[in-house]
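Just below is one structure, and these are the notes that go with it.
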Amino acid sequence: MKLKDRVAIITGGTKGIGLGCARVFGKHGGKVVIAARDEANGKKIEEELQKSGIDAFFIPCDVSKEEDMVGLIETTVEKYGRLDCMVNNAGWHPPALTIDQISVEDFENLVRLNLTSTFMGCKFSIPHLKKSRGNIINMSSEVANIGQTSAASYVSTKAGQIGMTKALALDLAADGVR
253 MKLKDRVAII
263 TGGTKGIGLG
273 CARVFGKHGG
283 KVVIAARDEA
293 NGKKIEEELQ
303 KSGIDAFFIP
313 CDVSKEEDMV
323 GLIETTVEKY
333 GRLDCMVNNA
343 GWHPPALTID
353 QISVEDFENL
363 VRLNLTSTFM
373 GCKFSIPHLK
383 KSRGNIINMS
393 SEVANIGQTS
403 AASYVSTKAG
413 QIGMTKALAL
423 DLAADGVR
């Protein structure tokens, strides 16, 4: 069990890619904290993972809110005494809209959800990851590199994640954080 007793937080961990990450991490012995807004579904997924033998814990969290992100990381460290991996997975792809169809407010909300949440997940987890020489996984998308029609807002957020990830890799290499 190569991840035995390692602790991971996975935002957007109750469905899709995030849930898949939780299952794989747990299968290899890791302790998994799944975070999402839907508390009823989160508790259901927590129970499902636990029944399959995974040490899983659900924390309700709106990743667009700073206080929720701080609370997510603090609660995890209080419960498990450490943090080894931060998976910034939560996000949303809006319906196809050209730039003249999306409002500035909707663009800013998407940046907050897809990019600012990643920034906060990194910022608030890094002090703990330096102690464990842990890992950050930022889920982006290939569209950040190749583009996508009617998705300038979404593509912008994903390109921002890639740029942030590259910069953090340089900043954190000396601390053993990948």
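Residue numbers (my numbering): 253 to 430. Glycine included, every Cβ here is placed at the ideal spot set by N, Cα and C.
Going by beta carbon distance, what residues of the same chain come within less than 7 Å of residue i, once the five residues before and after it are set aside?
i	result
leucine 420	Cys374 and Ile388
arginine 385	Gly428 and Val429
Let me check understanding here. Comparing Cα to Cα, which of the options lies closest to residue i?
i	options	result
glycine 399	Ala308, Ile351 and Ala411	Ala411
phenylalanine 309	Val276, Leu301 and Leu424	Leu301
threonine 350	Ala425, Lys382 and Ala403	Ala403
lysine 296	Lys267, Thr327 and Lys279	Lys267
lysine 283	Gly265, Leu255 and Ala348	Leu255
lysine 382	Asp423, Pro346 and Thr409	Asp423
tryptophan 344	Gly281, Gly278, Leu367 and Gly294	Leu367
Using the Cα positions of residue i and residue j, report the straight-line distance between them to the nearest angstrom.
i	j	result
glycine 270	asparagine 340	9 Å
isoleucine 286	valine 395	26 Å
valine 329	serine 369	19 Å
alanine 274	threonine 263	10 Å
alanine 426	cysteine 337	17 Å
If we count the other Cβ atoms within 10 Å of its Cβ and call it buried at 16 or more, is residue i buried or exposed?
i	result
histidine 380	buried
glycine 415	exposed
leucine 335	buried
aspartate 320	buried
In its own chain, which residues sit with a C-beta less than 6 Å from the C-beta of residue i, not counting the 5 before and 5 after it?
i	result
valine 322	Phe376
Should residue i be listed as close to the ligand ATP, given that the test is whether its C-beta is under 8 Å from any heavy atom?
i	result
glycine 278	Questions concerning the ligand ATP fall outside what the structure shown contains, since it holds no ligand whatsoever.
* Asked: Can we say the stretch 312–320 touches the stretch 352–359, given the rule of at least three CB pairs closer than 8 Å?
  -> These segments do not touch.
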